[in-house]
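The working numbering applies: residue 1230 is where the sequence shown begins, and numbers increase by one.
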Amino acid sequence: MSEYKSYGPDVRVSGEVIQAFMGGFPPEAQDLGLAILAEHGINNPKSGEFYVLQYLFDAMKEVESKFSREMLYRIGYNIAQNAILPPQMNSMEIALSGIDVAYHMNHVGGEIGHYAFTRLDSQSGVKKAKMVCRNPYSCSFDWGVIEGFAKRFQPQGCIDILVRHDETTGCRSKGHEECSYIISWV
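The following block contains the structure:
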């Protein structure tokens, strides 16, 4: 499955996700972001309402073409940094493993894919985990979300966190079914 193609025409995304998407834009680009959403059928997104997911994907694709993939990374990162979360989401591993639950809570109407978090064996003091994203969102956006949550909940005493795309598993931007990311921290 490639990026930006909803798994079905009835899949909907919450207004909260779209508002978070807009919150990821820098302040000087907010009006442009709203105009792009409106151009693709999402006008004045409201909390508690649901919108056609494909419309959001069409807007995301336009953001990528007008700006860059890095803009989608930045939006994903900012969403993770600013999301309102339950108090029990208080560590990096809990936050990363909770992405799939939040994802399913904010989408209705059909298959949407998933996020799968797994802790990997540590080597020479470097801790590692893997996140597999099998969904129609863009690689760059998911990368930003993962890195944003990892850095927001950076473990105490952690010197650095690195999130990298696992190039051995393919990429949705190249038509593969999923992207995998390796999270390393010291």
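In this text, a Cβ means the ideal position worked out from N, Cα and C, and glycines have one as well.
Original post:
Which same chain residues, not among the five before or five after residue 1262, have their C-beta less than 7 angstroms away from its C-beta?
Top reply: When the five nearest sequence neighbours on each side are left out, the beta carbons in the same chain lying within less than 7 angstroms of the beta carbon of residue 1262 are those of 1251 and 1254, in order along the chain.
Original post:
Which residues in the same chain as residue 1392 place their Cβ atom closer than 7 angstroms to its Cβ, once the five residues preceding and following it in sequence are excluded?
Top reply: Scanning its chain for C-beta atoms nearer than 7 angstroms, with the 5 sequence neighbours on each side dropped, one finds around residue 1392 the residues 1372, 1375, 1376, 1379, 1410 and 1412, in chain order.
**OP:** Taking all protein chains shown into account, decide if residue 1272 is buried (16 or more other Cβ within 10 angstroms of its Cβ) or exposed.
**Re:** Under a 10 Å Cβ-count criterion, residue 1272 is classified as exposed, with fewer than 16 other Cβ atoms of the shown protein chains found around its own Cβ.
**OP:** Rounded to whole angstroms, what's the CA-CA distance from residue 1236 to residue 1306? Just pull it up for me.
**Re:** Approximately 24 angstroms, taken between the alpha carbons.
Original post:
So residue 1345 packs on residue 1382, CB below 8 angstroms; how close in whole Å?
Top reply: Their Cβ separation, rounded to whole angstroms, is 18 angstroms, which puts residue 1345 and residue 1382 out of contact at 8 angstroms.
Subject >> Euclidean distance between Cα positions of residue 1304 and residue 1357 >> reply: Note on geometry: alpha-carbon atoms of residue 1304 and residue 1357 lie some 24 angstroms from one another.
Original post:
Which first and last residues belong to the beta strand (DSSP E) in which residue 1362 is found?
Top reply: Counting along the chain, the beta strand (DSSP E) containing residue 1362 begins and ends at 1355-1363.
Subject >> At least three beta-carbon pairs within less than 8 angstroms, the stretch 1401-1410 to the stretch 1360-1372 >> reply: Inter-segment contact for the stretch 1401-1410 and the stretch 1360-1372 is present: three or more beta-carbon pairs are separated by less than 8 angstroms.
Original post:
Can you list the beta strand (DSSP E) stretches of 3 or more residues lying completely in the stretch 1247-1330, in chain order?
Top reply: Positions of the beta strand (DSSP E) runs, each at least 3 residues long and wholly inside the stretch 1247-1330, are given as 1279-1281 in order along the chain.
**OP:** Would you tell me roughly how many angstroms separate the C-alpha atoms of residue 1258 and residue 1265, rounded to the nearest one?
**Re:** Cα to Cα, residue 1258 sits roughly 11 angstroms from residue 1265.
Original post:
Between the stretch 1240-1248 and the stretch 1329-1336, do at least 3 Cβ pairs fall closer than 8 angstroms?
Top reply: Yes, the stretch 1240-1248 touches the stretch 1329-1336.
Original post:
With a CB to CB cut of under 6 angstroms and the five nearest residues on each side skipped, what residues in its chain are close to residue 1327?
Top reply: So the qualifying residues of the chain are 1318.
Original post:
What does residue 1345 pair with, by DSSP beta-bridge criteria?
Top reply: Note: residue 1345 sits in a beta bridge opposite 1361.
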